[in-house]
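In the numbering used here, the protein residues as written are 3 to 94.
No residue lacks a Cβ here, since even glycine has one placed at the ideal position from N, Cα and C.
Remember, it's a predicted structure, so these values are computed and weren't measured experimentally.
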């Protein structure tokens, strides 16, 4: 029952930065997914993989995991670097 803590990434479909500052505690899957023979959908009997807990900071997510004895790994978001480019560079 291990979990991972990560910061929610920015949506690639929109330019807004809503919910980017949220930290998510998510349980890793304990069993493999398998295809349903009747419908062909994939699923598993692991119900904890469906749970996502949201926290305002990384420290609160880590404190929650320690309080309930959940072994958790923290995935730090790499810093964002901007590649500044002029419009005229497209025509070189």
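| Asked | Found |
| --- | --- |
| Within the segment 22-79, ranges of the beta strand (DSSP E) (whole runs, at least 3 residues) | 25-29, 54-57 and 74-77 |
| For residue 4, the nearest candidate out of 86, 76, 93 and 87 (CA to CA) | 76 |
| Residue environment, residue 27, which counts as buried when at least 16 other CB atoms sit within 10 Å | buried |
| Residues near residue 35 in its chain [Cβ-Cβ closer than 7 Å; skip 5 each side] | 44, 45 and 46 |
| Per-residue DSSP class, three states only, for residue 90 | helix |
| Span of the beta strand (DSSP E), counted from its first residue to its last, around residue 6 | 5-9 |
| Beta-carbon proximity list for residue 31, same chain, < 8 Å, skipping 5 on both sides | 46, 48 and 51 |
| Nearest-angstrom Cα separation, counted from residue 21 out to residue 57 | 11 Å |
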